[in-house]
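Just below is one structure, and these are the notes that go with it.
In this note's numbering, the protein residues as written are 1332 to 1476.
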């Protein structure tokens, strides 16, 4: 299992910058909460994917925001020490970002910034919530200097 730093999001609209911050720390680049919010273009209403893409690009972060083919692709990345930020449809009616840390035969372990800890989700629950957002996610590589 990938040991992604367990970070808790400061409020209900900062899951993506918190995940970005955790993945960057996993890769050895530590940024403050404020820097992550700025990189992702987060405002009081939340984070817009297009603004996050532009902000990460402007910050020199090597990343890919895309649609994944399925769990097998996520598993290959995670086993290769590449954490994936997955976008899940939350029961509250909003998108929620989590970092995939491990994929087992029946569960997926994520670092959920809403609780600031690891959470095991049944695979079928993860897939349903992920598919509702077209299997979208983000892979962040080593930050470029």
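Quick reminder that beta carbons are idealized off the backbone N, C-alpha and C, glycines included. Keep in mind it's a predicted model, so treat the numbers as computed, not measured.
Notebook entry, point to check: Alpha carbon to alpha carbon, how far is residue 1476 from residue 1355?
Noted result: Note on residue 1476: pLDDT 46, under 50, position unreliable in the model; the coordinate value appears next. One C-alpha to the other measures close to 13 Å.
Next item on the list: Give every residue of the same chain whose Cβ lies closer than 6 Å to the Cβ of residue 1348, excluding the five residues on either side of it in the sequence, and list them in chain order.
Entry: 1367, 1368, 1371 and 1373
Notebook entry, point to check: Going by alpha carbons, who is nearest to residue 1465 out of 1417, 1442 and 1438?
Noted result: 1417
Next item on the list: Return helix, strand or coil for residue 1357, following the three-state DSSP convention.
Entry: helix
Item checked: Simplified DSSP state of residue 1340, which is helix, strand or coil -> coil
Next item on the list: State whether the stretch 1332-1347 contacts the stretch 1443-1454, with contact taken as three or more CB pairs (one from each stretch) at a distance under 8 Å.
Entry: Taking 8 Å as the limit for Cβ pairs, the verdict is that the stretch 1443-1454 does touch the stretch 1332-1347.
Notebook entry, point to check: residue 1433 to residue 1451, Cα distance in whole Å?
Noted result: 9 Å
Next item on the list: Have a look at 1351, 1344 and 1346 and flag the residue whose alpha-carbon is nearest the alpha-carbon of residue 1471.
Entry: 1351
Note to self: I need the straight-line Cα distance from residue 1438 to residue 1344, nearest angstrom please.
What the structure shows: 26 Å
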